[in-house]
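Following: one structure in structure tokens, then a few remarks.
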Amino acid sequence: MGEREKGERREGREGSRTGRAPEGGRGRKAKKGEGGGAGREPGPPRRGGGRPGGGWEGGAPGGGRSLHQVTCSGPDPGGLAMQRRGAGLGWPRRQQQQPPPPAVGPRAAAMAPPSGGVPPGLGGRAACALLLFCYLNVVPSLGRQTSLTTSVTPKAEQSTAYKDFIYFTVVEGNVRNVSEVSVEYLCSQPCVVNLEAVVSSEFRSSIPVYKKRWKNEKHLHTSRTQIVHVRFPSIMVYRDDYFIRHSISVSAVILRAWITHRYSGGDLNVKWEDNLLHAVAKNYTLLKTVPPFERPFKDHQVCLEWNMDYIWNLRANKIPQCPLESDVVTLLGFLYASSGENTGIVKKFPRFHNRELEATRRQRIDYPVFTVSLWLYLLHYCKASLCGILYFVDSNEMYGTPSVFLTEEGHLHIQMHLVKGEDLAVKTKFTMPLKEWFRLDLSFNGGQIVVATSLGQDLKSYHNQTISFREDFYYNDTAGYFIIGGSRYVTGIEGFFGPLKYYRLHTLHPAQILNPLLEKQLADRIKLYYERCAEVQEIVSVYMSTVQQGGGRPEACDLRNSYLDLKLRYGRPSTCRAFPWEQELKDRHPSLFQTLVEMGLLTVPRNQNESVLEVGGRIFEKAVKRLSSVDGLHQISSVVPFLMDSSCCGYHKASYYLAVFYETGLSVPQDQLQGMLYSLVGGQGSERLSSMNLGYKHYQGVDNYPLDWELSYAYYSNIATKTPLDQHTLQGDQAYVETIRLKDEETLKVQTKEDGDVFMWLKHEATRGNAAAQQRLAQMLFWGQQGVAKNPEAAIEWYAKGALETEDPALIYDYAIVLFKGQGVKKNRRLALELMKKAASKGLHQAVNGLGWYYHKFKKNYAKAAKYWLKAEEMGNPDASYNLGVLHLDGIFPGIPERNQTLAGEYFHKAAQGGHIEGTLWCSLYYITGNLETFPRDPEKAVVWAKHVAEKNGYLGHVIRKGLNAYLEGSWHEALLYYVLAAETGIEVSQTNLAHICEERPDLAKRYLSVNCVWRYYNFSVFQIGAPSFAYLKMGDLYYYGHQNQSQDLELSVQMYAQAALDGDSQGFFNLALLIEEGAIIPHHILDFLEIDPTIHSNNISILQELYERCWSQSSEESFSPCSLAWLYLHLRLIWGAVLHSALIYFLGTFLLSVLIAWTVQYFQSVSDGQTEAT
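Per UniProt numbering, the sequence shown starts with residue 1, numbered consecutively.
Written out as structure tokens, the structure reads:
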């Protein structure tokens, strides 16, 4: 807590307010270099050819900007720590304390009836209640209890008693176009009589709609009566019609009158507000309002044309209804695994469509009334100063109200933005529970915040705290977006989010909140998993500590391995201590104790967390070795316990294996709930394939995962931001992600290894000085392409050889990048610059971009950098487009000193279209937040772009490569295993390849997989962006014939064939034509989809001709194809049909038949005559 200002006391809350800006937070503005990893900077140039996307160096995209947080340094003596800050940037500085504002303003003189009576027609309790209602609607508000804020009028001084009075009578008590009002008054001095009608509607209050005043100078001390015709606006009196389009619903109409003496401040020239201050007598009455649909129509004395009158009458009697809308929003309906990194769920709210709800929301912008209820399961407290739970980011990328974080000590840090532009933060007295499901409820009611926590399903109360302020909070939940978890500004919590509900316009007591933990069984399994894992980690830690320390009695050790036996026999005598475990514990973890005994753990790191993770990795490697054997799928059931132990040690590749085994039933009983458990655990551990699996399932809404694009984006963006960093990491099991289909025999033939024919031939040509072979060989080795293992050191040798021995600009450029970065060689900036300039002089656009990167990164010469990048962009380089976008985003583009996010977004989009990874990430971020006009919010598109980048991750490529190698080697068990692991991440090429394997080896799939392999993965693939046409054809066949337990569906079959045809596959047109030949009817919308002329929709022959012609034109075969033969056969049938129906043919046929009959008769007659002669 900072130094406390003296002499300040605050009412209604505990603790005090400090005068310092918070530690680590110098104002509300974002600051470059903080937040999501390393700072944002233009990406370095990339090596040519083999690498997808851009070559960006640094942290995740967007990591350069960070919102400053208001941090709390500790609880004060009152148990509550609070800090506030100013709006400017800079170092923390003391701010002068201001006295608290007054609680309420001065009262205005209340309009009240004169003593001795009430307005005519009112009396008793009903009259009192009605007068109170009118009073509350007319009298200015004294505090924040009202939803509308009205002006405060100073009280008029009245010290003299007058005999003046004023009464009035309304002839008809309801609002009419012209209402006749009888005003009776008495003036003791020359006076001015004032009459005013004030109206309140659902959106505005105290609106004057009629005003009249007159003088009385002669008739004094005498009662006078004046008839006034009050005219109200038509929109208050009549129904909607062609001319009155929007009649208003009036809630209250007050008619008020008062008298002012002319020589005491009353005059016709005095303003109405000032005149009222000097009233000596006053009175009012309430007029009855008429609902809009009970009002009469107005006679406008206008005759409409018949068409206008007809159109109006069509909707004249329709009563409009408010759209069904609620202020209760479910922000999260399923569990979210938060890995504690800079990714989270983004939610954005539009304005209400319902006018009443929207009016209420606007009225409460400076008086927030809302409630947030969310379930949490925390694994650790924050490892940074603050970790994000739920916070609002406004349109200027600043924290808004509310912003809730978790601190290092486990307290809640709640931050609010004030109306006057500053920010206020408070820290709770109590800490959050760890490894326990609890519900956190936050209720805001003006300046009061109620924090309540409840444990478990029965909502046992844990801690409650009420905090009160006098400051006005600014709250506009439509001017920005909410983030659940982490973002580029702050890391998220480590744990799990459960259901999250947001009541936008209500403050509720915890007992009134309906937000149960829906996935109860899954939540319970998560809790049991971490309880078991705590026990496993303790066993591993104790075992390693005992083994590494040694000592004790040799006979006490009953756990010994062969290494220790050899050391005991030939080395210095050593013993181990007896382990403090009971037999019951050993029986619960037999596989773990077996593994520990078999392992040599003397070389394991002594750091506890690292050592446990190391043990988990070793257990996993042993398990995978067994799975990669010839009969590996037989081993799964026996390997599962070891994978569980590895998962508990924090090695979450094992978690992903378990998730896939249980979700697909791969050699284990299918258990969707257990599969979800390990997917979530792996996602929480930031395992790349687990996160992609979760992202894909929520993107498609399959396998009992709810469809949720924002949640899908949270998982995909986590891996997408790591992908460019992984590509620059030389170590690790990574390979280039290639689109290699098992159906493509030609592509399979060129797959090779270090001892393969293709690789050896390239190496031979490279040795002879062939520049193309040198470049291709270096790319294969550097990125791990075409079946070659990743070997950066060998790749760099070929880059150097090609650059120094040949004049090829691509090799010169690639070697210059290696020298700039020092990847596998010593950095040599001078030589690298010479080579880069040499490559640029040969017209290589990558090198021109590289020169711009050099002047930006090393020389900080932004003008020269921009010059080279503009030139490279004109040459078509996507890296240059991205780098120009970064200059505009940071506000350092030469000649344009201000940040321009719109122009930056345009450059990022252009870079993304060229395949630049970081540019794609920025576009996906803009689409999920919707904070730029040029990027309207589109969560689905954001997911598609993030998914595209995540699927380039090298760790996924390594799994795909292992499956491909196993397939080429004929190892069916291993191929099936790895292709299942890759397909469940949602990558299309692995899904179609797995379905192909299941078609080739149906016995293998049926024996080991519980799911219908062919149907499942072809079906998954056709819902992917850019799915291959053969997948649509396969699904069309499956729908046409039916497959196993799947029923036949001709309509879906037609849709699949039509999609294949639209993608240019001739087989799709051919299959549609065959369906018509069989008597099927193609729906008109499908024919429209194929852009077939609507005039021939009713003629099957014409449709067949069109389909066969397109089939022939799309066919890749040069000679006769099935399409051409079918087309020819159709035309022969048409010709034959035409011939048969011709009149000439009928005449010729009759003639020929007659001739044939005559000849036959003559023939038989001649034969008969011959026989007679012979006789």
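Yeah, the Cβ is synthetic: ideal placement off N, Cα and C, and Gly gets one too.
None of these values were measured; they are calculated from a predicted model.
Per DSSP, residue 378 is not a residue of any alpha helix (DSSP H); the beta strand (DSSP E) it occupies stretches across 369–378. Taking the C-beta atoms as reference points, residue 258 is found no nearer than 7 angstroms to residue 313. Here residue 486 is near residue 343, since their CB atoms are less than 7 angstroms apart. For residue 798, the number of other beta carbons within 10 angstroms of its own is at least 16, and it is reported as buried. Annotation for residue 593: the continuous alpha helix (DSSP H) segment containing it runs 590–598. In summary, residue 1163 is exposed, with fewer than 16 beta-carbon neighbours lying within 10 Å of its beta-carbon over all protein chains present. Nearest in C-alpha terms to residue 916, of all of 881, 890, 938, 905, is 881. For the pair residue 935 and residue 905, the CB atoms are nearer than the 7 angstroms cut-off. Taking C-alpha positions only, residue 217 is separated from residue 165 by approximately 15 angstroms. Per DSSP, the unbroken beta strand (DSSP E) holding residue 415 starts and ends at 411–417. Between the segment 612–623 and the segment 635–646, the count of Cβ pairs shorter than 8 angstroms is three or higher; the stretches touch.
Exposure of residue 301 is indicated by the presence of fewer than 16 other C-beta atoms within 10 angstroms of its C-beta. With respect to the 7 angstroms criterion, residue 332 and residue 494 are not classified as neighbours on the basis of their beta carbons. When beta bridges are read from the DSSP output, residue 391 appears opposite 403, 483.
Assigned with DSSP and collapsed to three states, residue 1107 falls in helix. Excluding its 5 nearest sequence neighbours in each direction, residue 831 has C-beta neighbours in its own chain below 7 angstroms: 819, listed in chain order.
Distance between residue 1043 and residue 1075, taken at the CA atoms: about 19 angstroms. Per the DSSP secondary-structure output, residue 934 pairs with nothing in a beta bridge.
Check the Cα spacing between residue 288 and each of 253, 982, 846: the tightest is with 253.
DSSP, reduced to helix, strand and coil, places residue 208 within a strand of the structure shown. When Cβ pairs closer than 8 angstroms are counted between the two stretches, the segment 301–310 is seen not to touch the segment 274–282, the count staying below three. Per DSSP, the unbroken beta strand (DSSP E) holding residue 463 starts and ends at 460–468.
With fewer than 16 other Cβ atoms from the protein chains shown falling within 10 Å of its own Cβ, residue 178 counts as exposed. Contact between residue 660 and residue 980 holds: their C-beta atoms lie close to 6 angstroms from each other, under 8 angstroms. Comparing alpha-carbon positions, the option among 893, 896, 630 lying closest to residue 975 turns out to be 630. Three or more beta-carbon pairs separated by less than 8 angstroms are not found between the segment 836–852 and the segment 889–897, which leaves the two stretches without contact.
Under DSSP, residue 226 shares a beta bridge with 183.
One Cα belongs to residue 274, the other to residue 418, and the distance between them is close to 34 angstroms. Less than 7 angstroms separates the beta-carbon of residue 692 from that of residue 985.
Per the Cβ contact rule, the segment 663–678 is in contact with the segment 522–532 (3 or more Cβ pairs under 8 angstroms). Short of 6 angstroms from the beta carbon of residue 877, and not among the five residues preceding or following it, lie these beta carbons of its own chain, in chain order: 845, 849. Within 10 angstroms of the beta-carbon of residue 1068 lie 16 or more other beta-carbons, which makes it buried. Under the three-pair Cβ rule at 8 angstroms, the segment 509–518 does not count as touching the segment 352–360.
For residue 334, DSSP records no beta bridge to any residue.
The count of Cβ pairs closer than 8 angstroms, one atom from the segment 723–742 and one from the segment 942–959, reaches three, so the stretches are in contact. Residue 973 sits buried, since 16 or more C-beta atoms from the chains shown fall within 10 Å of its C-beta.
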